[in-house]
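Respectively, the protein sequence lines represent chains A and B.
Counted from 1, the first sequence has number 140 at position 140 by the numbering used here; the numbering is strictly sequential.
With positions in the second sequence counted from 1, the corresponding number in the numbering used here is that position plus 1000.
A short write-up of the structure that comes next.
Protein chains: 2
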Amino acid sequence: MKFCTQCASPVALRVPDGDTMARHVCEACGEIHYQNPKIVAGCIPEWEGKILLCRRAIEPRNGLWTIPAGFMENGETVEQAAARETWEEACAHVEINGLYAVFNIPHVNQVYMIFRAALKDETFAPGIESLETGLFEEAEIPWSQMAFPVVVQSLERYFSDRQRDHFPTFLGTLEPIKR
Amino acid sequence: MKFCTQCASPVALRVPDGDTMARHVCEACGEIHYQNPKIVAGCIPEWEGKILLCRRAIEPRNGLWTIPAGFMENGETVEQAAARETWEEACAHVEINGLYAVFNIPHVNQVYMIFRAALKDETFAPGIESLETGLFEEAEIPWSQMAFPVVVQSLERYFSDRQRDHFPTFLGTLEPIKR
């Protein structure tokens, strides 16, 4: 960020009085511009034991597979965000069930919140951000073509928990991938 | 927001092409300024059965009691945020345990994430944002002087769950208080 949202003057990156972290501060009007982590809300939509996945039509990871998920918007609940993303990306209506996993991803300032979900019917199709959508048995999941480690971890855990029919809310943290 | 953070031109509030919600869009450089909900991370710090509370020295709800909680920062995990807030507001070191409650508060664009926590020792004191701090037995909680409904609901549930020694992660939504 270069300019103040309130008065258009240049901002400086410095620690404000009484604060402990550097912020974008307007030296003209004094406005402090805070930046905070974003919530990515998603779900694992199930239909007759199969999982609904979307193949991404957008960057990052264009062409790879994911569960429906995206940035939560102002004015909605996390559950509503997860259902909305499923509608937008896979044209599918879901019933959102329990909160299944929370993943900190601090190096990109994101917190994933992933729910268990049930498709309301077998209707689905690629939304504008998806190339294709499909229902996958566990053995059919395209593990080598998944978009994000957080999705792989969530699905692996989900299939494991499903064998025991026990889905405790998981809290984890993902580190950057070393290349 | 009035001006673009990238080029200082005035912004317009309109729905960008391909989007469904109004955003602050810069008509000069095309930058879209998204605004998203913030996470408030907090904990219920326990010491020998008592709960550590803080009396607020800042608005809103100056002078009323709360659990340690505040806005999560970029670069940290939710657990780290909850521990940091406890240090800042109550000068206390905590061990953060399980995720206890998630509360949507959509009318203020916040998601509270509250953890169970244990004080590491009996040391605590008011931080710069607190007037006083103290350990309270359940019967001593100043219910009529609590700062926020989300804190009241979390503590009521906590004491109830504690009787059964069973603390499932709770997911709820708070509506605006009708006055």
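Glycine included, every Cβ here is placed at the ideal spot set by N, Cα and C.
These figures come from a predicted structure and were not determined experimentally.
Contact set between residue i and chain B, taken where Cβ atoms lie within less than 8 angstroms
i: Glu73 (chain A); result: Met1021, Asn1036, Pro1037
Under 9 angstroms by beta carbon: chain B residues contacting residue i
i: Ile128 (chain A); result: Gly1018
i: Ala8 (chain A); result: Lys1002, Phe1003, Cys1004, Ala1008, Ser1009, Pro1010
Chain A residues whose Cβ lies nearer than 7 angstroms to that of residue i
i: Thr1005 (chain B); result: Met1, Lys2, Phe3, Thr5
i: Glu1076 (chain B); result: Pro106
i: Ala1028 (chain B); result: Here the premise fails: no neighbours, minimum Cβ distance about 12 angstroms.
DSSP-derived helix/strand/coil call for residue i
i: Thr173 (chain A); result: strand
i: Phe71 (chain A); result: strand
i: Ser9 (chain A); result: coil
i: Phe148 (chain A); result: coil
i: His107 (chain A); result: helix
i: Leu1155 (chain B); result: helix
i: Arg1014 (chain B); result: strand
i: Arg1056 (chain B); result: strand
i: Arg164 (chain A); result: helix
i: Arg61 (chain A); result: coil
i: Glu95 (chain A); result: strand
i: Met113 (chain A); result: strand
i: Ala1125 (chain B); result: coil
i: Lys1120 (chain B); result: coil
i: Tyr1034 (chain B); result: coil
i: Gln1066 (chain B); result: For clarity, residue 1066 (chain B) is Thr in the given sequence; the question names Gln instead. Reduced to three states, the DSSP call for Thr1066 (chain B) is strand.
i: Lys2 (chain A); result: coil
Cutoff 8 angstroms: residue i Cβ touching any chain C Cβ
i: Leu1171 (chain B); result: Among the protein chains of the structure shown, namely A and B, there is no chain C.
Pick from the options that is closest to residue i, judged by C-alpha positions
i: Asn74 (chain A); options: B:Glu1089, B:His1033, B:Ile1114, B:Trp1087; result: B:His1033
i: Cys54 (chain A); options: A:Pro149, A:Asp161, A:Phe136, A:Pro176; result: A:Phe136
i: Pro1037 (chain B); options: A:Met72, A:Gly18, A:Asp17, A:Ala57; result: A:Met72
i: Thr1086 (chain B); options: B:Thr1173, B:Val1011, B:Ala1069; result: B:Ala1069
i: Ser9 (chain A); options: B:Gly1030, B:Arg1014, B:Lys1002, B:Ala1012; result: B:Lys1002
i: Lys178 (chain A); options: A:Pro149, A:Gln153, A:Gln163, A:Asp161; result: A:Pro149
i: Ile128 (chain A); options: B:Gly1018, B:Val1011, B:Ala1147, B:Arg1116; result: B:Gly1018
i: Phe115 (chain A); options: A:Ile67, A:Glu59, A:Pro126, A:Thr5; result: A:Ile67
i: Cys4 (chain A); options: A:His24, A:His166, A:Thr133; result: A:His24
i: Phe167 (chain A); options: A:Ala57, A:Pro126, A:Ile44; result: A:Ile44
i: Gln6 (chain A); options: A:Gly63, A:Glu31, A:Phe159; result: A:Glu31
i: Arg1056 (chain B); options: B:Thr1169, B:Asp1161, B:Gly1172, B:Gly1134; result: B:Gly1134
i: Glu1156 (chain B); options: B:Asn1109, B:Glu1138, B:Val1011; result: B:Glu1138
i: Ala90 (chain A); options: A:Glu59, A:Glu122, A:Arg14, A:Val15; result: A:Glu122
Bounding residues of the alpha helix (DSSP H) (the contiguous stretch that carries residue i)
i: Pro1142 (chain B); result: Unbroken run through Pro1142 (chain B): none, as it is neither H nor E.
i: Glu85 (chain A); result: 78-90
Proximity test, residue i beta-carbon vs the ligand MN heavy atom, cut-off 7 angstroms
i: Pro16 (chain A); result: For the ligand MN, the structure offers nothing, since it holds no ligand at all.
Delimiting residues of the beta strand (DSSP E) encompassing residue i
i: Val40 (chain A); result: 38-47
i: Ala1024 (chain B); result: In the sequence under discussion, the amino acid at residue 1024 (chain B) is His, which differs from the Ala named in the question. That run of the beta strand (DSSP E) goes 1023-1026.
i: Phe136 (chain A); result: 130-136
Handout entry: Positions along the region 82-116 of chain A whose CB lies within less than 7 angstroms of some CB in chain B
Key = Leu99, Val102, Asn104, Pro106, Asn109, Val111
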